[in-house]
Every structure is written in structure tokens, then in C-alpha cells.
Amino acid sequence: MSVNGGNKETLLDIRGMEVHFETRRGIARAVNEVDLTLYKGERFGLVGESGSGKTTLILALLRMIKTPGFIAAGSATLDDGTDLLKLNREEIRRVRLKRVAMVPQGAMNSLNPVMRIGDQLMLTIREHAEDGEIPDKHTQLKQVEELFYRVGLKPAVARLYPHELSGGMKQRACIAQAISLNPQLILADEPTSALDVVVQRQIMQTLRKLQNELDATVLLVGHDMGLMAQFAERVGIMYGGKLVEVGPVEDIFHNPQHPYTQLLISSIPNFEIKGEFRGIPGVGLSLLDPPTGCLFHPRCPKAIDRCKSVEPQLKEVAADQLVSCLLHEEDQHAPAS
Amino acid sequence: MSWNYTVKRVALFLIVVWAAASVNFFVPRLGTGRDPIREKLGQLAASGGLRQDGIEAMVKAYQVKFGLDKPLYVQYLNFLGDTFTLDLGYSLANYPARVGQMIGNAIPWTIGLMLVSVLIGFALGTLMGALSAWPSAPRFVRNMAVPLMTLSAIPPYLLGLIVLYILGLKLELFPLSGGYSPGRLAIASVDFYLDVLHHSVLPALAIVMQQVGFWALGMRGMMVTTSGEDYITLAEANGLRNRTIFFRFGLRNAMLPQLTALGLSLANVVAGQVIVEVIFAYPGIGTVLFQAIQASDYTVINGVVLILIMSIGLVTMLMDFFYPLLDPRISHTRQN
Chain E
1 MSVNGGNKET
11 LLDIRGMEVH
21 FETRRGIARA
31 VNEVDLTLYK
41 GERFGLVGES
51 GSGKTTLILA
61 LLRMIKTPGF
71 IAAGSATLDD
81 GTDLLKLNRE
91 EIRRVRLKRV
101 AMVPQGAMNS
111 LNPVMRIGDQ
121 LMLTIREHAE
131 DGEIPDKHTQ
141 LKQVEELFYR
151 VGLKPAVARL
161 YPHELSGGMK
171 QRACIAQAIS
181 LNPQLILADE
191 PTSALDVVVQ
201 RQIMQTLRKL
211 QNELDATVLL
221 VGHDMGLMAQ
231 FAERVGIMYG
241 GKLVEVGPVE
251 DIFHNPQHPY
261 TQLLISSIPN
271 FEIKGEFRGI
281 PGVGLSLLDP
291 PTGCLFHPRC
301 PKAIDRCKSV
311 EPQLKEVAAD
321 QLVSCLLHEE
331 DQHAPAS
Chain V
1001 MSWNYTVKRV
1011 ALFLIVVWAA
1021 ASVNFFVPRL
1031 GTGRDPIREK
1041 LGQLAASGGL
1051 RQDGIEAMVK
1061 AYQVKFGLDK
1071 PLYVQYLNFL
1081 GDTFTLDLGY
1091 SLANYPARVG
1101 QMIGNAIPWT
1111 IGLMLVSVLI
1121 GFALGTLMGA
1131 LSAWPSAPRF
1141 VRNMAVPLMT
1151 LSAIPPYLLG
1161 LIVLYILGLK
1171 LELFPLSGGY
1181 SPGRLAIASV
1191 DFYLDVLHHS
1201 VLPALAIVMQ
1211 QVGFWALGMR
1221 GMMVTTSGED
1231 YITLAEANGL
1241 RNRTIFFRFG
1251 LRNAMLPQLT
1261 ALGLSLANVV
1271 AGQVIVEVIF
1281 AYPGIGTVLF
1291 QAIQASDYTV
1301 INGVVLILIM
1311 SIGLVTMLMD
1321 FFYPLLDPRI
1331 SHTRQN
């Protein structure tokens, strides 16, 4: 259904992804029928409020959903036809880092405190090497120092323990680890949320440089709209586990189509104009007791009667811009009815 | 490790031993009014039907012999000197046996039994506790937490009675008491060691069972915390093998507090498991202590307590020296 503008090749095709959490009070659909196509070498930003399913989606792609959660349905097919959701334990283990790598959210605590940084990277490289093809210690160390150089760390860092590093250095070490096996897809889960803005910029520049060198696809998850605007080429907006709008970053920011996106964009504080903080009225939905029809209709200022009963589908409204809103379906249906 | 720190730490150890020894010296003399020599002689006189006139002279003679006629500070200095040369004096109840000798005879039995039991209990308990908290462990392993918790709550002497009844009395698989068969010569031979081993199975089993529960409970708590750490999540996302994550990321980190507790446990080993040893009539420190308490044998009690204090002080010091090797976040060298 997505029309590829020009020569874009698909890297990962997510279809009908469903992640459910079984709770005592019923099933929570944390990721709800998500369809998303990621192209080779693009930077995609996934935005949404807390609990909208962004991180769950990433963890589902790596098959790291823990009980009581489970992947209920869907497929996530890589360019060579591998369906991530159908691999067995050993197969998915080999895909992790080698093809799909993750840059963690809390770099502060993402490294093993009792292991030297270099040893951690070398351990990861060894665990992914085929039996009998494990490079010798010297080669491993050279490889680690090369990785450090690429992310802007000194070789001496290899001998240090995590507590001897600053937050930015830890995140660089994590990025070095993420790119160590040249992955095609990097999942970055709010990689800068724990860092100050100066370090944030450096980290994002590093990530962008590496993405360019590797020609990898980056899926950046977060809720920092400013960061998204600068980094991403395409943006997807999630609400209540559903993808409500997808489009090129300029269109999303200048011409948002979904009422939720519109409110989200207008709630970004403006540097020039001092005023009241604007937000989105109402509170986030309960996944255990979701509203019927469109999940956003109780908070939506533009809701019409049909929104209460009919579930909208993701439809293309402009070039490469997909929206899941009945208002736009109305438009399309209007001439026919 | 810097020399500066080592010297300071050893000095601290000596101060701890001195302070403990001093408390040990002064507390019994703080006017309880009891005189063990007089009591002992009185008991002997009463049980032997002797006349009591000679007693005052005998008390005097013994007081001179034990140095109790001298002023308190001289006694104190003598006591300190003896303590630091590990001369623990004579047993009051078993005179002329020396305390050092009595403890020396008993301690190999206790250390042999307790050290092995505690270490086996620690290894098994830590592993089982860690597995019972590990999310990707099989369900039956995770369900082990309940029986382990139960085990930790049952005191070892009760477990001792149970194993004694079932394995010793009913099934007659193991001897009921003692450290070795009566009448067997205590000489170093394979036969003798096998006999000792055979005798130690039941008391060891009682202690191991309780220890497994104890260590498992502590480890389970730590592992639950650790398994939620970010570095575990990232290790999994990086495609490390499950076994690698469990041992090198999970267990390795969760075990640090366990090791501190193990150190203290090992230090306590020299005190023995009094009740377990008494139940099995095991010739260890616990039995010696039990008999000393029954006989008001103050010098032996003092000796056991002093040895215990020294071993705790020593083990704590050794742990302080070795901890930086286990946890790199702790360092004794000042960083510039």
C-alpha cells in the first residue's frame, strides 16, 4: 500500500504486528495492528507519548518481549525474506547485533559494571563468531580500537570499567558495540534521553555519521520533537499502540493530517513566543479498557459521530503520507456516497 | 593495593582484637561476685564429702597459680600478652588441660565439617537461588523458590533430627553419633578417613540443607534486582548466549553481596554449629563450648570467643583486601 517514491528499497516490512500483555484484568494491546515499512539507509523517527508502544515495538522486533507479554500476530520481514517473528531462539540470537542492533535508552547503566569496556565488546564479537573462526585476542583488540576510533573514543578506554566513564562516553561505547558487526538496522531507543543537550548533539552527530558510513537504517524512538525534526527523514506517530500517521518529516511538521499529530506539533514550546504550555486535553487511554472506534476520539477536538464506532485504517492521503483518521476517509468517500 | 592502606587495615584488625579481648577480660570481672575457683572447689568438696577447712588455703593457692592475686592492671597486661601470643591458659573444669590444646583438638573437626558444608551449601544455594529468579529458566526451576524458602526457615538442628531419624535410625545407612567409630585408632590411614567421612555425612547433610535454603533466598532477591538491570537487557539485545548472560552478567553481579555474607559465614565456622554438633556428639568446637558452658569453664568460653573474634576480624580484613578484585568499583588506591 505504500508507494515508494523513487529508488527506495525496502529493508524491513512490518505487517499487522500485535503485541499483547496478559493481565489479571484482561489483555492489553500494547502494539495494535502496526504496519510499517522501513527503507534501506533511511532515518526513521518513531514518536509517541509514554505507553504508546514505541519501545514495545522495538523489543518485539528483537523478540525480547517478556511474559506476560507476547507477540500475538504479524510479520517483520527483512530484505532477504527472513521473518524476524518466525525465527527460533538461536536464529534470532544470531540476527541480533549482526543484522539488527540496539542502542539503549539508559546508557548510564547499560554496561556490565564488573567488566572492562574492551572485554565487553570483545565478548560480544566472540559470541557472534562462527565456531573455529574466533579471531585471536590481538585481532579482537585491534577491532575494538578501530570501533572506538569511529565513535570518537580513545583506545585506552578499552581498559576502563563503566564507572570510570562519563555518560556520553558510555553511550559512545554502546554505539561502538552496536555497530561492531555492521548491522543493517539500528534501533535507537531514546539514545540521548539521559544526556545534556551538548552531549546529545555530539551523540546524534556520531550516530548520523555512522549511519551514513554503514548505509544502515536507523529507527529512532523518542518524544523529543526537536531531535526528530533534525535527525529523521520520515516520522511515524504512535498513539495507544497504533500507528496513526506516517510521512516525510517536513510534511509531518508543516502539514500534519491527524488531529493527534496536529495537537502534538502545536504543543511544542516556541522559543520566540512566551505563553501558556499547550497540551493535548484529556489523559492517555487505558489499554485494558480502550475506547471503541478510533482510539483517540475521546480526546479529539474534531471527532465526529462515526469515530465512536468505526475503526479508522491507515490510508495514503498525500505522497508518502499515511493517516489513520476517519476525517480523511470521509473525504475519499464523499464523492462516492 | 597500596601499602598505606594495608598498614592501616592491619592496625585496625589489631585494635579490634584488642578491644574485643579487653571486653572479654573486664565483663566477667564486673562484679558478678562469682568466683569460679571457689565454686569448683566447693562443688568438689560437696560431692566428695570432704571437710571444708582447707578450701580457703586451696583458693589462695590456685589464685596465685592463675595470677589472680595480682592487681587488676597487672592481670590485664598479662592477659593481653597471653592473648597476643595465643596462650589461652588452663581449663578450669579440666585442669590441667590447656584451653589452646582443647580448642586445637576440636577445631579440625569443626572446620572440616562446617567449611565443607557451608561451601557446598553456598555453591548449590547460590546457583539454585539465581536460577529460581532468572526469567528464562525453565518453569520447574523457578518454582524451586518455594521449597528453598521452606528449607531456609527450618533450623539445622531440626533438620539434623529428621535426617538422624530417617537415614540413621530407620534406614541405618549412617552412624548415629561421633566423629569416628569408637575404638578405631585415630591415625592417618585411608580407612580412618573413610570412617570420618561416613560419620560426617549426617551432620553435614543437616547443615547443607539449611545453608542451601539460606543462600538461595539471599541470591534470589539479588538476582531479581539484577535481572531487571539495563545491562542484562542490552546483553540480550546484543545477541549474547543465554548462558553467558546468566553467568557473566547476572550471577557475577548479583553474587557480590553474597560473597560478603559468605566471608562472615566462614569466619563463624570456627564457632561450630553448637546444637548440631551436640545432637551428633561430634567432637568439634560446638561440643567443647557446650560442655564448657555447662561446667562454667570460663577460660574455655573466653578462649572460644576470642578465637571467634580473631577469625571474624581476620576474614573481614582479608575480604577488604580482596574485594577490589571482585568489584572494580571498589578501589583502595587513590586516583589522580
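Protein sequences, first through last, are from chains E and V. Read in order, the letters of the first sequence correspond to residues 1 to 337 in this note's numbering. Read in order, the letters of the second sequence correspond to residues 1001 to 1336 in this note's numbering. Even for Gly, the Cβ is constructed at its ideal location relative to N, Cα and C. Bear in mind the structure is a predicted one, so any value in this text is a computation, not a measurement.
Query raised in the report: Whose C-beta lies closer than 8 Å to the C-beta of Gln1258 (chain V) among residues of the same chain, with five residues either side of it excluded?
Result: Phe1122, Thr1126, Trp1215, Gly1218, Met1219, Met1222
Query raised in the report: In the structure shown, what three-state DSSP assignment does Leu285 (chain E) receive?
Result: coil
Report task. Taking Phe148 (chain E) as the reference, give the member of E:Asp136, E:Gln171, E:Glu127 with the closest Cα. Result -> E:Gln171
Report task. State the Cα-Cα distance for the pair Phe1280 (chain V) and Leu1197 (chain V), rounded to the nearest angstrom. Result -> 14 Å
**Report entry** Euclidean distance between Cα positions of Tyr1073 (chain V) and Phe1079 (chain V)
**Finding:** 10 Å
Report task. Tell me, please, which residues DSSP counts as bridged to Arg15 (chain E). Result -> E:Ser75
Query raised in the report: Roughly how many angstroms lie between the CA atoms of His223 (chain E) and Glu190 (chain E), to the nearest whole one?
Result: 8 Å
Query raised in the report: So, is the C-beta of Leu1240 (chain V) closer than 7 Å to a C-beta in chain E?
Result: yes
Query raised in the report: Is Tyr239 (chain E) helix, strand or coil when you go by DSSP?
Result: strand
Report task. Would you tell me roughly how many angstroms separate the C-alpha atoms of Leu78 (chain E) and Pro183 (chain E), rounded to the nearest one? Result -> 12 Å
**Report entry** Reference Asp1327 (chain V), options V:Ala1295, V:Thr1260, V:Arg1243, closest by Cα
**Finding:** V:Thr1260
Query raised in the report: Which residues mark the beginning and the end of the beta strand (DSSP E) in which Phe1026 (chain V) is found?
Result: Unbroken run through Phe1026 (chain V) is the alpha helix (DSSP H), 1003-1026; no beta strand (DSSP E).
Report task. Please go through the same chain and pick out, in chain order, the residues whose beta-carbon is closer than 6 Å to the beta-carbon of Leu160 (chain E), but skip the five residues on each side of it. Result -> Ile117
Report task. Determine, using beta carbons only, whether Thr217 (chain E) comes closer than 7 Å to chain V. Result -> no
Query raised in the report: Are the C-beta atoms of Tyr161 (chain E) and some chain V residue less than 7 Å apart?
Result: yes
Query - Range covered by the beta strand (DSSP E) that runs through Val323 (chain E) - result: 321-323
Query raised in the report: Going by other Cβ atoms of all chains shown within 10 Å of its Cβ, with 16 needed for buried, is His163 (chain E) buried or exposed?
Result: exposed
Report task. Identify the continuous beta strand (DSSP E) that holds Gly26 (chain E) and give its terminal residues. Result -> 26-39
Query raised in the report: In the DSSP assignment, what residue or residues form a beta bridge with Val100 (chain E)?
Result: E:Arg96, E:Leu185
Report task. Report all residues from its chain with a CB closer than 6 Å to the CB of Val1059 (chain V); omit the five preceding and five following residues, and keep chain order. Result -> Ile1037, Arg1038
Report task. Express the C-alpha separation of Ala1267 (chain V) and Ser1311 (chain V) in angstroms, rounding to a whole number. Result -> 5 Å
**Report entry** Through-space distance from Met1209 (chain V) to Val1190 (chain V), alpha-carbon basis
**Finding:** 27 Å
Report task. Evaluate the contact criterion for the region 56-76 of chain E versus the region 247-262 of chain E: three or more CB pairs, one atom per stretch, below 8 Å. Result -> no
Query - Where Gly275 (chain E) falls, given that 16 or more other Cβ within 10 Å makes a residue buried - result: exposed
Query raised in the report: Of all the options E:Gly241, E:Ser266, E:Val144, E:Val249, which has the alpha carbon lying nearest to the alpha carbon of Leu285 (chain E)?
Result: E:Gly241
Query raised in the report: With a cut-off of 7 Å, does the C-beta of Thr124 (chain E) fall near any C-beta of chain V?
Result: yes
Query - Contacting residues, own chain, Cβ-Cβ under 6 Å from Met225 (chain E) (five flanking each side not counted) - result: Ile268
Report task. Please list the segments of the beta strand (DSSP E) lying wholly inside the region 1310-1336 of chain V, counting only runs of 3 or more residues, in order along the chain. Result -> none
Query raised in the report: What does Arg94 (chain E) reach in chain V if we use C-beta pairs closer than 9 Å?
Result: Gly1239
Query raised in the report: If we count the other Cβ atoms within 10 Å of its Cβ and call it buried at 16 or more, is Thr192 (chain E) buried or exposed?
Result: buried
Query raised in the report: Checking contacts by CB at 7 Å: is Pro104 (chain E) closer than that to chain V?
Result: yes
Query raised in the report: Mapping DSSP to helix, strand and coil, what is Ala63 (chain E)?
Result: Here the sequence assigns Arg to residue 63 (chain E), which means Ala is not the residue at that position. Coil at Arg63 (chain E), not helix or strand.
Query raised in the report: If you run the structure through DSSP and keep just helix, strand and coil, what is Ala1097 (chain V)?
Result: coil
Query raised in the report: So is Gly1250 (chain V) buried or exposed if we call it buried at 16+ other beta carbons inside 10 Å?
Result: buried
Requested in this report: Name, in chain order, the residues that DSSP records as bridge partners for Arg234 (chain E).
Outcome: E:Phe44, E:Pro248
**Report entry** Whether Val1269 (chain V) touches Leu1131 (chain V) by CB criterion (7 Å)
**Finding:** no
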